[in-house]
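Structure first, then comments.
Number of protein chains: 2
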Amino acid sequence: MTDLSPRLIGLDWGTTSCRAYLLGEDGEVLDQRLGGRGVLALTQSGNREAAFERELAELCGPWLERNPQLPLVASGMVGSNQGWVEAGYRNLPVDLMSRPEYLTEVATAYGPLFVIPGLFKEGRGQDFPDVIRGEETQLLGALPEAPHGAGGSSAKAQPAVVVLPGTHTKWVRLEGTVVTDFVTSMTGELFGLITQQSIIARLAEDAREPDIAAFDRGLDVAFGRDADIASTLFSARTLVMAGQLEPTAVKDYVSGLMIGVEVERFARSWMGEHHEATICANAQLGSRYARALKRAGVRSTLAPEDAVATGLWRTAVALGIVGRSGIAGAGEPIDKETP
Amino acid sequence: MTDLSPRLIGLDWGTTSCRAYLLGEDGEVLDQRLGGRGVLALTQSGNREAAFERELAELCGPWLERNPQLPLVASGMVGSNQGWVEAGYRNLPVDLMSRPEYLTEVATAYGPLFVIPGLFKEGRGQDFPDVIRGEETQLLGALPEAPHGAGGSSAKAQPAVVVLPGTHTKWVRLEGTVVTDFVTSMTGELFGLITQQSIIARLAEDAREPDIAAFDRGLDVAFGRDADIASTLFSARTLVMAGQLEPTAVKDYVSGLMIGVEVERFARSWMGEHHEATICANAQLGSRYARALKRAGVRSTLAPEDAVATGLWRTAVALGIVGRSGIAGAGEPIDKETP
């Protein structure tokens with residue numbers, strides 16, 4: 477019989493939404509609240525701290541009243557300079573299962589909320605600096621198992637690639653649970669601007685359901701030539717003008733074109749010897765990346781939708797906020813930095 | 477002594493503005509009005525035709541009252557389905573100095589206004605359909621001389637490449653005055669969306685003057701790797717976060733990055749054996765393209781700023797609207813299509 481006692485509350489608190497999870501032994505999701513307000517909405521009010529505190533009470537109050545000692549952990553933009561408290565970054569390479577040098581906490585009416593730091597890549601030579609905040613937690617939950625680190629038996633430190641599509645898609649390389657490299661691609665944000673605000677938006681019409689043939693046609697363009705976005709995108713307009721593309725197919729065509737350009741380039745010049753990738757996204761977007769990766773000769777698997785809940789649990793274990801026995805603080809004490 | 481009698485009124489009537497030219501013998505600019513309202517503003521009023529007619533009177537009324545018989549010719553989006561009258565397209569290849577099969581005219585209080593058709597490329601195989609409207613006239617004015625067509629002596633039918641940077645940059649291949657190919661790149665529109673509305677816009681600050689070093693740094697990125705926009709653009713944010721790029725340098729850095737990606741790709745995979753190009757743009761934007769083309773090993777010359785006035789004159793001559801003697805209708809009669 478499974479132990480259903482709550483052990484942890486985990487919050488995936490991003491720019492546009494907050495997802496709260498009540499987690500039991502081994503990170504099992506006992507309950508969830510997915511519609512919380514994100515950093516953008518909460519920072520528009522006058523008193524930022526009070527707005528975050530109210531949202532926490534709104535989402536997790538009932539859970540905490542029944543379980544007053546539950547530890548609280550959060551990841552995402554809540555820890556950015558736009559968020560509740562600035563949680564800093566850890567420099568690559570980072571073992572996601574190791575404890576950071578310091579951990580940021582913010583005092584709440586329910587006790588301290590631990591905020592997971594982001595990851596920072598310095599970038600040398602041709603490589604740019606880059607940042608991740610929130611995805612590192614999804615990432616840890618997306619890994620099929622969570623063996624500790626790259627050390628120890630080499631069988632445990634498998635190299636892997638994880639793609640996290642979204643507004644700012646992250647392409648991440650790992651060895652075991654150690655993040656060794658990542659790159660941000662702005663495909664998602666550009667797709668939004670193009671299909672909502674550019675000249676392409678003017679003739680695009682909403683479709684009743686996704687048009688996979690149009691998406692594949694976009695992939696054809698991306699994989700069929702030395703394509704970039706700017707020089708191929710106008711075709712979404714001219715093909716409609718020439719009667720060769722339906723207005724309702726425009727968005728899916730552009731989606732295929734843009735994801736195709738991104739995936740073709742990353743598979744060719746960034747993935748190196750990797751021919752497998754894990755995709756961490758909702759099923760609809762994930763299947764698009766899977767289709768594009770297949771074209772590039774890369775096998776992919778879709779991580780479970782609640783990967784972030786698993787990641788929050790695993791991080792809390794690594795931080796010593798919950799022990800494997802489920803008792804808070806079972807690990808060694810950690811240095812804290814309270815702003 | 478030059479003959480200063482007006483022979484033609486030419487209108488470069490685009491999406492956002494209208495430039496009117498009073499032209500004398502050989503297309504000399506005798507007077508100009510550059511601040512007229514474009515198609516977008518004029519079509520927002522209830523009676524579209526009346527709005528265009530009023531704008532014409534506003535810009536050219538004084539010229540026409542003194543010279544009531546002056547022929548009128550216009551190019552640009554005024555001839556689109558969003559404009560005053562739909563002027564159709566000519567299919568490639570098109571000799572810009574030849575008369576189209578039919579010419580659209582619209583009746584005005586001052587007599588007929590002839591509207592120059594755009595160019596249409598069908599697009600076969602890997603090639604997309606594409607359209608030009610207005611740039612074909614600038615193009616003709618940008619050519620150093622205007623020998624007729626690709627036929628006749630081969631010395632006259634020089635192959636050439638003309639770049640017309642703007643919201644939708646056009647890359648055009650010609651043989652003499654015959655347009656043989658063109659491609660539209662949306663770099664300009666994407667640059668606007670990115671620097672005004674994306675996450676990059678949030679940290680970009682206006683600079684007092686153009687930062688050429690930042691522009692060149694963007695070119696370095698574009699030419700230094702297999703770059704595309706989506707996967708390199710986030711660097712404009714992370715370099716600022718890492719203290720390696722000033723917020724006032726962001727826009728010029730992004731400009732260099734985007735123009736660099738465009739020019740590198742066109743020079744490599746579209747220009748073929750061409751190592752020279754004519755740029756048709758204002759001096760500020762033109763010099764940026766010249767810098768990028770130089771990196772790609774392409775020599776460039778900047779066309780005169782009033783290329784469009786020259787193009788309107790040359791087109792009017794080709795259409796027989798003005799004769800070389802300056803008398804309207806000196807050419808053979810042409811078939812007209814009035815909507």
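So the sequence lines, in the order shown, correspond to chains A and B. Last residue of the first sequence: 815 in our numbering, with the numbers rising by one and none dropped. Last residue of the second sequence: 815 in our numbering, with the numbers rising by one and none dropped. Beta carbons: idealized from backbone N, C-alpha and C, even for Gly. Given the structure is predicted, the values throughout are model-derived calculations rather than measurements.
Chain-ordered neighbours of residue i on chain A, where CB pairs are closer than 9 Å
i, result
"Glu738(B)", "Asp704, Ala706 and Ser707"
"Ile675(B)", "Thr643, His644, Met662 and Glu665"
Sequence-distant residues of the same chain with beta carbon closer than 8 Å to residue i, five excluded per side
i, result
"Gly514(B)", "Trp489, Gly490, Thr491, Thr492, Ser493, Cys494 and Met553"
"Glu531(A)", "Cys494, Gly512, Arg513 and Leu518"
"Arg771(A)", "Leu695, Phe699, Gly736, Val739 and Glu740"
"Ala766(B)", "Ile755, Ser776 and Leu778"
"Val697(A)", "Ala703, Thr708, Ser711, Gly732, Leu733 and Gly736"
Per-residue DSSP class, three states only, for residue i
i, result
"Asp696(A)", "helix"
"Gly490(A)", "coil"
"Glu722(B)", "coil"
"Pro710(A)", "Residue identity differs from the one stated: residue 710(A) is Phe in this sequence, not Pro. Three-state result, Phe710(A): coil."
"Val637(B)", "strand"
"Tyr765(A)", "helix"
"Thr777(B)", "strand"
"Arg729(A)", "The sequence as given places Tyr at residue 729(A); Arg does not occur at that position. Here Tyr729(A) sits in helix by DSSP."
"Phe604(A)", "coil"
"Arg816(A)", "Beyond the ends of chain A as shown, which are 477 and 815, falls residue 816(A); an answer cannot be given."
"Asp782(A)", "coil"
"Glu541(A)", "helix"
"Arg790(B)", "helix"
"Ile797(A)", "coil"
"Glu738(B)", "helix"
"Glu531(B)", "helix"
Contact with chain B by residue i, beta-carbon distance below 9 Å
i, result
"Gly599(A)", "yes"
"Gly700(A)", "yes"
"Pro605(A)", "yes"
"Val730(A)", "no"
"Pro723(A)", "no"
"Val659(A)", "yes"
"Met734(A)", "yes"
"Leu715(A)", "yes"
"Arg767(A)", "no"
"Arg744(A)", "yes"
Residues of its chain near residue i, where Cβ-Cβ distance is below 6 Å and the 5 sequence neighbours each way are ignored
i, result
"Ala636(A)", "Leu650"
"Thr656(B)", "Pro569 and Arg649"
"Gly762(A)", "Ile755 and Leu778"
"Gly787(B)", "Thr613, Gln614, Leu616 and Gly617"
"Trp789(A)", "Leu499 and Gly503"
"Lys727(B)", "Thr671 and Ala680"
Residue-level contact to chain A via CB, residue i, 9 Å cutoff
i, result
"Met747(B)", "no"
"Gln862(B)", "The structure shown does not extend to residue 862(B), since chain B is modelled only from 477 through 815, so no value can be given for it."
"Val774(B)", "no"
"Ile755(B)", "no"
"Arg649(B)", "no"
"Ser493(B)", "no"
"Leu695(B)", "no"
"Ser711(B)", "yes"
"Leu518(B)", "no"
Paired residues, beta bridge with residue i - DSSP
i, result
"Ser661(B)", "Thr645(B)"
"Val654(A)", "Asp571(A) and Glu651(A)"
"Tyr565(B)", "Gly594(B)"
"Leu548(A)", "Ile485(A) and Leu589(A)"
"Gly500(B)", "Pro482(B)"
"Gly512(B)", "Cys494(B)"
"Val716(A)", "Answer is none; Val716(A) lacks a bridge partner."
Other residues of its chain near residue i: CB distance less than 7 Å, five sequence neighbours each side excluded
i, result
"Ala496(A)", "Ile485, Leu487, Gln508, Arg509, Gly512, Leu535 and Cys536"
"Asn543(A)", "Pro482"
"Ala785(A)", "Gly486, Tyr497, Leu499, Gly503, Val505 and Gly617"
"Met477(A)", "At Met477(A), the pLDDT of 45 sits below 50, so the modelled position is not reliable and the matter cannot be decided from this model."
"Leu516(B)", "Thr491 and Thr492"
"Ile676(A)", "Ile670, Leu709, Ala712, Arg713, Val726 and Val730"
Proximal chain B residues relative to residue i, where beta-carbon distance stays under 9 Å
i, result
"Ser556(A)", "Neighbours of Ser556(A) on chain B: none; closest Cβ ~10 Å, over 9 Å."
"Leu434(A)", "A question about residue 434(A) goes unanswered here, because the residues of chain A that appear run from 477 up to 815."
Proximal chain B residues relative to residue i, where beta-carbon distance stays under 8 Å
i, result
"Gln720(A)", "Pro605"
"Arg741(A)", "Asp702, Asp704 and Ser707"
"Gln602(A)", "Gly700 and Arg701"
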